[in-house]
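Chemist: Got a structure for you, questions after.
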Amino acid sequence: MIEAISKNFFLKVSQNKSMNKAARKWGLRFGASQVVAGETIDTAITAVKKLNKNGIVATLDHLGEFVSSKAEASEATDYCVRTLHAMASAKVDGNLSVKMTQLGLDIDKQFCLDNMRKIVSTAIQYNNFVRIDMEDSTRTQITLDILKELRKDYDNVGTVIQAYLYRSETDVRELVGVPLRLVKGAYKEPAEVAYQEKTDVDKNYMTIIKEHLKSGSYTAIASHDHNIIAKVKEFTNQENIPTSQFEFQFLYGFRNELQQSLVKEGYKVRVYVPFGDDWFGYFMRRLAERPQNIAFAFKGFFFK
Ligand code: FDA
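Next up, the structure:
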């Protein structure tokens, strides 16, 4: 009961535009620095170097969502392009994750597609890959439409499918051959479109993971849930699916020991490294997912 209230509270706050705006001025607060790598490209690259040293690859995410002007979206696009250049010149092993609401999705679809083309075409120069994060269900279809357009010209782009949505099994079947990150889903969704019970989400999660793996498509399993990870290991062993066809993904700062033990066992592990001054919405969603995370928010209340 308390868990549900706190989840709803943090998810609501995560979308509050004025709090998001105010937080940009505060700097990394409330313990956010434990899950956000820093505010600049340089700090993010330093974090990636550390991960690489430990046998872990990365995906960098310049934090930001819900921009309301074309100027802001163009600025965010340039920042993504600069991040790709910086990763290449630092020779770190990492790709890029983007949120299309930061790139003008809610302003103009064609403008957002053009911005995505700039990013994906830069990535291809470096033989690098761009992952389109999946946002709330009102944007699922448009995200998949843009992905389809991009994939006509580029194969170095993929997206994310969320197990809590009823539509996801069909989406995964239609996306055979597309590298997908599969997740449980992080937004508050109504019962009309999404499973509400954790057991149903977990069941559908394994269904879509198996479906995508069995189709021979590259699959990223992005979950902190050790039960899911154990089931994936068992399934891939049974079905003789090579470790080169999938990877486990974690968010920066979460389950570091589990990450390392998977690396030791020979699995590919990628850590999602968020950075930038627009950290508030991301941090609030992490608090919504796991009330235990609130402990470090309180610890960090007075400190950066
Ligand atoms: P969940 O939160 O359901 O936890 C299950 C169990 O695992 C817990 O009960 C506990 O036992 C254990 N556990 C979980 N966290 C733990 C911890 N920190 N320490 C110890 N035990 C822990 N979402 C989305 O909508 N769009 C997206 O694009 C992405 N992208 C993305 C990338 C990456 C790399 C990750 C890891 C996640 C996302 N997500 C996402 C978020 C995702 O949808 C989901 O909300 C969170 O990962 C939480 O679900 P989990 O599967 O991690 O386990």
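Mapping the sequence shown onto full-length UniProt numbering, position 203 (from 1) lands on 203, and the numbers just tick up by one. Beta carbons are placed, not taken as given, at the ideal position from N, Cα and C, and that holds for glycine.
1. Using CA atoms only, rank isn't needed, just tell me which of Leu60, Thr243, Lys198 and Asp106 is closest to Tyr79.
2. What are the partner residues of Ser97, as DSSP defines its beta bridges?
3. May I have the straight-line CA-CA distance separating Asn156 from Ser89, to the nearest angstrom?
4. Tell me whether Lys268, by its Cβ, gets closer than 7 Å to a heavy atom of the ligand FDA.
5. For Gln196, does the three-state DSSP call read helix, strand or coil?
6. By Cβ distance, which residues of its chain are closer than 8 Å to Arg167, with the 5 residues on each side in sequence left out?
7. Assign Met255 to one of three DSSP states: helix, strand, or coil.
8. Do the stretch 7-16 and the stretch 50-57 meet, that is, are 3 or more Cβ pairs less than 8 Å apart?
9. Quick one: grab the DSSP three-state call for Phe66.
10. Taking C-alpha atoms, which residue in Asn115, Asp106 and Ala86 lies nearest to Asp136?
11. Among Gly276, Asp108 and Thr159, whose alpha-carbon lies nearest the alpha-carbon of Leu63?
12. From Thr77 to Gln238, what distance separates their C-alpha atoms?
13. How would you call Phe303, buried or exposed, if buried means at least 16 neighbouring beta carbons within 10 angstroms?
14. Helix or strand or just coil, what does DSSP make of Asn8?
15. Straight-line CA distance for Ile142 to Thr219?
16. By alpha-carbon positions, which one of Glu247, Leu213, Asp225 and Glu72 ends up nearest to Ile241?
17. For Tyr267, I'd like the list of residues in its chain whose CB is within less than 7 Å of its CB, leaving aside the five on either flank, ordered along the chain.
Modeler: With the structure as the only source:
1. The shortest Cα separation from Tyr79 among Leu60, Thr243, Lys198 and Asp106 belongs to Leu60.
2. The partner list for Ser97 (beta bridge, DSSP) reads Asp61 and Arg131.
3. 19 Å
4. no
5. coil
6. Thr140 and Val193
7. Inspection of the sequence shows that residue 255 is occupied by Arg rather than by Met. Here Arg255 sits in coil by DSSP.
8. When Cβ pairs closer than 8 Å are counted between the two stretches, the stretch 7-16 is seen not to touch the stretch 50-57, the count staying below three.
9. coil
10. That would be Asp106, whose Cα lies nearest to the Cα of Asp136.
11. Gly276
12. 43 Å
13. In this predicted model, Phe303 has a pLDDT of only 36, less than 50, meaning its place in the structure is not dependable enough to derive any value.
14. helix
15. Linking Ile142 to Thr219 through their CA atoms gives a straight-line distance of about 22 Å.
16. For the residues Glu247, Leu213, Asp225 and Glu72, the minimum Cα distance to Ile241 belongs to Leu213.
17. Thr243 and Phe248
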